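Using the working numbering, read the sequence shown as starting at -18 and increasing by one per residue.
Every residue, glycine too, gets a C-beta built ideally from N, C-alpha and C.
Just so you know, these numbers come straight off a predicted model, no measurement behind them.
Each remark here refers to the structure printed beneath this line.
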Amino acid sequence: EPAAAEFDPLRITLTADEVMAIYPTVEQAVNAAQKMRNAASAVLSPYGLGAGCAIHYGIVIEGLFGSQEVRTYTVIGDVVNTAKRIESETPAGEITISDAVYRQLGDRVIVEPCEAIAAKGKSKPVAVWRLLGWR
């Protein structure tokens, strides 16, 4: 969480072994993902474990969700679900960005194309890129 918080997220949600952070810009998201990947690698690699990061871009729905007894303030929507699907296919130690993120960043980043992801709930495969760094 400290690595995610360093880049001024609008919201951070921790669930089990996952961190979901919402940033105002894709640039902040990329910087945070690089920092989180490095922090996770330093902690997990001595145990033979790893974590991947994924970044997607779009509009989310934010608010209180749940019942009268149990509510949580979070974000939901297709963008959140797609980000989760991309993350679940991201190898440990890597950062995967969606095509929507790549279009925002353009030639400012170094990427490699990845095989498109057949994501649940999507009629077409989701185009993704392996983020290697900033130019």
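Query                                                                                                                                                                        : Result
What are the uninterrupted segments assigned as alpha helix (DSSP H) that are 4 or more residues long and contained completely in the region 57 to 88, given in chain order? : 59 to 69, 80 to 86
In the DSSP assignment, find the unbroken beta strand (DSSP E) run with Leu45 in it and report its ends.                                                                     : 42 to 47
Going by beta-carbon coordinates alone, are Arg52 and Ile98 separated by less than 8 Å?                                                                                      : no
When you compare each of Arg84, Ile40, Ser48, Gln85 to Asp59 by their alpha carbons, which one comes out closest?                                                            : Ile40
When the Cα of Asp(-11) is compared with those of Asp(-2), Gln9, Ala(-3), which residue comes out closest?                                                                   : Gln9
If distances are taken between C-alpha atoms only, which option among Val82, Arg89, Trp115, Ala73 comes closest to Val7?                                                     : Val82
Does the contact criterion of 3 or more C-beta pairs under 8 Å hold for the region 75 to 89 versus the region 98 to 111?                                                     : yes
Whose C-beta lies closer than 6 Å to the C-beta of Gly33 among residues of the same chain, with five residues either side of it excluded?                                    : Thr71, Pro72, Ala73, Glu75
So what does Arg114 bridge to, in DSSP terms?                                                                                                                                : Looking at the sequence itself, residue 114 is Gly, so the reference to Arg does not match. For Gly114, which the question treats as bridged, DSSP gives the partners Ile91.
On the DSSP bridge list, what partners appear for Leu(-5)?                                                                                                                   : Val0
Would you kindly work out how many angstroms separate the C-alpha atoms of Ala13 and Asn19, rounded to a whole number?                                                       : 10 Å
Could you pull the DSSP bridge partners for Tyr38 from this structure?                                                                                                       : Note: Tyr38 sits in no beta bridge, so no partner.
Do Gly29 and Ser22 count as a contact pair if the criterion is CB distance below 8 Å?                                                                                        : no
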